[in-house]
Amino acid sequence: MGYKVISLKNIYNNIGENETKEILKKFKCELNKDVEYFLKEKAIEFSKQGFAETFIVTSQYKNEEVIVGYFATTSKAINLKPIIVSKTKRKQLLKYAQYDNIYRTYNIALPLIGQLGKNYNNNYDKLITGDMLLKLACDKVKKAQEVFGGKFVFLECEDKPKLKEFYENNGFVCFGKRNLEKDERETNSGEYLLQMLCDLSKRN
3 MGYKVISLKN IYNNIGENET KEILKKFKCE LNKDVEYFLK EKAIEFSKQG FAETFIVTSQ
63 YKNEEVIVGY FATTSKAINL KPIIVSKTKR KQLLKYAQYD NIYRTYNIAL PLIGQLGKNY
123 NNNYDKLITG DMLLKLACDK VKKAQEVFGG KFVFLECEDK PKLKEFYENN GFVCFGKRNL
183 EKDERETNSG EYLLQMLCDL SKRN
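The sequence shown begins at 3 in our numbering and counts up by one.
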């Protein structure tokens, strides 16, 4: 089954914001309300302000192009503690990071997959696997790194066993936690998010 990855910016530039918002209203993700809230309430504004870029993933279903999922990417500075990074990765990170002797952390700006979710409206989630959606997001980051350099990407997720296992099975390793901001607690469970790192050169 083929998939199309379309920039949200291209969509609202072509058909306008109001019509784009009507299309996005059909997206449902009961498993993660933050994913749904971001797409409907923040994605367009973040794109216009240059904070993050959102990409809509579509597929054919009964001769109609439908949204099966989406992901959003941006760049964010993080701190990596040496203890959670293998010696090999530590050497690789030194090429892109600055070591802070005081706090004993690596300061590095990395691509962030900020949102990732399938569309559960009308069972469209069955048209794509989570593995494939994550691959499309990673491929988009890898394409950008062909121009700007780099090989790592990270994401943040709720501390749930199945979710953590999913990302680990896709080559991500946990390197830390980030406490939730006040406005994030309405759409996320728990008090923090796990931070997961992946070496994209190891992914096909």
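Where is the CB? At the ideal position from N, CA and C, for every residue including glycine.
Helix or strand or just coil, what does DSSP make of SER203?
-> Taking the first residue of the sequence shown as position 1, residue 203 is located at position 201. Helix.
Between ASN12, LEU82 and GLU32, which lies nearest to TYR105 when the distance is taken from Cα to Cα?
-> Taking the first residue of the sequence shown as 1, we reach residue 105 at position 103. With distances taken between Cα atoms, TYR105 lies closest to LEU82.
If we ignore side chains and look at the alpha-carbon of each, how far apart do VAL40 and THR107 end up?
-> Counted from its first residue, the sequence shown places residue 40 at position 38. Counted from its first residue, the sequence shown places residue 107 at position 105. In the sequence as presented, Val is not what sits at residue 40; that position holds Phe. Computed Cα separation, rounded: 31 Å.
Between which two residues does the alpha helix (DSSP H) harbouring ASP141 extend?
-> Within the sequence shown, the letter at position 139 stands for residue 141. From DSSP, the alpha helix (DSSP H) with ASP141 extends over 132-150.
Between the CA atoms of LEU202 and VAL149 - distance to the nearest angstrom | Residue mapping note: residue 149 aligns to position 147 of the sequence shown, counting from 1. Residue mapping note: residue 202 aligns to position 200 of the sequence shown, counting from 1. Rounded to whole angstroms, VAL149 to LEU202 spans 15 Å at the Cα level.
On a CA-only basis, which of PRO163, GLU186, SER191 and GLU158 is nearest PHE177? Give me that one, please.
-> Within the sequence shown, numbered from 1, the residue matching residue 177 stands at position 175. Selected option, being the one with the closest Cα: GLU158.
Kindly confirm or deny that the region 36-55 and the region 126-133 touch, where touching means at least three C-beta pairs closer than 8 Å.
-> no
THR76 - DSSP class collapsed to helix/strand/coil | On the sequence shown, position 74 is the one that residue 76 refers to. THR76 sits in a strand when the DSSP states are folded into three classes.
Identify which residue in GLU19, THR60, GLU24 and ASP127 has its Cα closest to the Cα of CYS31.
-> As a working mapping, residue 31 is identified with position 29 in the sequence shown. When only C-alpha atoms are compared, the closest one is ASP127.
Just confirm the distance between the C-beta atoms of PHE57 and ILE8, as a whole number of angstroms; I'd bet it's less than 8 Å.
-> The count along the sequence shown starts at 1 and reaches residue 57 at position 55. The count along the sequence shown starts at 1 and reaches residue 8 at position 6. Confirmed, about 7 Å.
On the three-state DSSP scale, how would you describe GLU193?
-> Stepping through the sequence shown from its first residue, residue 193 is reached at position 191. GLU193: coil per DSSP, three-state reduction.
Would you mind working out which of ILE80, GLY119 and GLN117 sits nearest GLN100, comparing C-alpha positions?
-> In the sequence shown, counting from the first residue as 1, residue 100 sits at position 98. Distance check between GLN100 and each of ILE80, GLY119 and GLN117 places ILE80 closest, using alpha-carbon atoms only.
Three-state secondary structure (DSSP) of ILE104 = The residue labelled residue 104 in the question sits at position 102 within the sequence shown. ILE104: coil per DSSP, three-state reduction.
Can you list the beta strand (DSSP E) stretches of 3 or more residues lying completely in the region 38-76, in chain order?
-> 55-63
Nearest to SER61 (by Cα), restricted to the options LEU135, LEU118 and ASP36 = One-based indexing of the sequence shown puts residue 61 at position 59. Considering only alpha carbons, the answer is LEU135.
Where in the region 15-41 do unbroken runs of the alpha helix (DSSP H), each at least 4 residues long, occur, reported from the N-terminal end onward?
-> 19-26 and 35-39
How many angstroms separate the CA atom of GLU43 from the CA atom of LEU33?
-> The residue given as residue 43 occupies position 41 in the sequence shown. The residue given as residue 33 occupies position 31 in the sequence shown. Taking the straight line joining both Cα atoms gives about 17 Å.
So the beta strand (DSSP E) GLU158 belongs to, where does it begin and stop?
-> As a working note, residue 158 is residue 156 in the sequence shown. Going by DSSP, GLU158 is part of the beta strand (DSSP E) stretching over 154-159.
Best match in GLN117, ASN123, VAL37 and LYS153 for proximity to ALA139 [C-alpha to C-alpha] | For the purposes of this step, residue 139 is taken as residue 137 along the sequence shown, with counting starting at 1. Out of GLN117, ASN123, VAL37 and LYS153, GLN117 has the C-alpha closest to the C-alpha of ALA139.
In the structure shown, what three-state DSSP assignment does LYS120 receive?
-> Reading the sequence shown from its first residue, position 118 is the one you call residue 120. It is a strand residue.
Could you tell me the distance, in whole angstroms, from the CA atom of LYS144 to the CA atom of LYS153?
-> Looking up residue 144 in the sequence shown gives position 142. Looking up residue 153 in the sequence shown gives position 151. Straight-line Cα distance between these residues: approximately 7 Å.
Inter-stretch contact (C-beta, 8 Å, three-pair minimum) for the region 181-189 and the region 158-169 = Counting Cβ pairs under 8 Å, fewer than three are found: no touch.
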